[in-house]
Amino acid sequence: FPTSSSRDQAAMSTVGPGVAPHRTEAELALTPVVSEVDGASTEKFTIVAGNHSYELGADGGITRWAAVGDHTFAWFYICKPCLNLESGLYILDLGTGRQSRIATHAVNSLGSVLISEPWIVYVVASGGLPGELHAQNIDTAEDILLDPAFRFSFVWPMANVALNEGAVAWRTNSEDESGSVLKWTNLDSKETR
92 FPTSSSRDQA AMSTVGPGVA PHRTEAELAL TPVVSEVDGA STEKFTIVAG
142 NHSYELGADG GITRWAAVGD HTFAWFYICK PCLNLESGLY ILDLGTGRQS
192 RIATHAVNSL GSVLISEPWI VYVVASGGLP GELHAQNIDT AEDILLDPAF
242 RFSFVWPMAN VALNEGAVAW RTNSEDESGS VLKWTNLDSK ETR
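When you read off a place in the sequence shown, starting at 1, and then add 91, the result is the number in the numbering used here.
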């Protein structure tokens, strides 16, 4: 990692090896259900996880896959106008079936959501670019604004974001906008570098 900045060298000297916990992948089957109700196209999902079956979405809207964690499935619901369910980013607890909407204006494209329980990281862009990078604790609903001016690509919004072991790292513009910086936050202690 060549650099001439002593500040960068000091920051990199604190990086060390880590130990990743063993992960068990969620086993689920996802089946799209497409229909037309009162002239409006409807796309829902049926999910089978273990002995549980869940239907996601509502008539008149479109359901899109977002991300899957060990015990959580994240999905987008898009509708105009909404009849029975509001648009937004939702999470489904695969064990209990509990569903919660966590964001209204989340960017609903593939790769815009990361899950590493109990945290989910997502991008909000209600007025275009830049957006906001958020992290939410799935268990407590605590929402943290990580970056109020997060620049991203709609093609793969999380290309410059990593989430693991209760910490998130992301590349963003420097304060003087002269280049990029790497930011890191421990989501439990709120320590930021």
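Where is the CB? At the ideal position from N, CA and C, for every residue including glycine.
Query	Result
Express the C-alpha separation of residue 187 and residue 292 in angstroms, rounding to a whole number.	There is simply no residue 292 to check, as the chain begins at 92 and stops at 284 in what is shown.
Using only the alpha-carbon positions, how far apart do residue 233 and residue 144 sit?	28 Å
Within the chosen definition, does the region 235-244 reach the region 164-183 through at least 3 CB pairs nearer than 8 Å?	no
Can you tell me which of the three DSSP states residue 228 falls into?	strand
Is the Cβ-Cβ distance between residue 133 and residue 152 less than 8 Å?	yes
May I ask you to report which of helix, strand or coil DSSP gives residue 251?	helix
Only counting runs of 3 or more residues, tell me where the beta strand (DSSP E) segments fall wholly within the region 170-239, in order along the chain.	179-184, 190-194, 204-207, 210-215 and 222-228
Determine the DSSP secondary structure at residue 66, reduced to helix, strand or coil.	Within the shown structure, residues of the chain are numbered from 92 to 284, placing residue 66 beyond reach of any answer.
When you compare each of 209, 194, 216 and 191 to residue 259 by their alpha carbons, which one comes out closest?	209
Work out the CA separation of residue 206 and residue 136 for me, nearest whole Å.	19 Å
Straight-line CA distance for residue 203 to residue 130?	30 Å
Measure the alpha-carbon distance for residue 122 versus residue 154 and round it to whole angstroms.	11 Å
Where residue 265 and residue 244 are concerned, what is the direct C-alpha to C-alpha distance, given to the nearest angstrom?	17 Å
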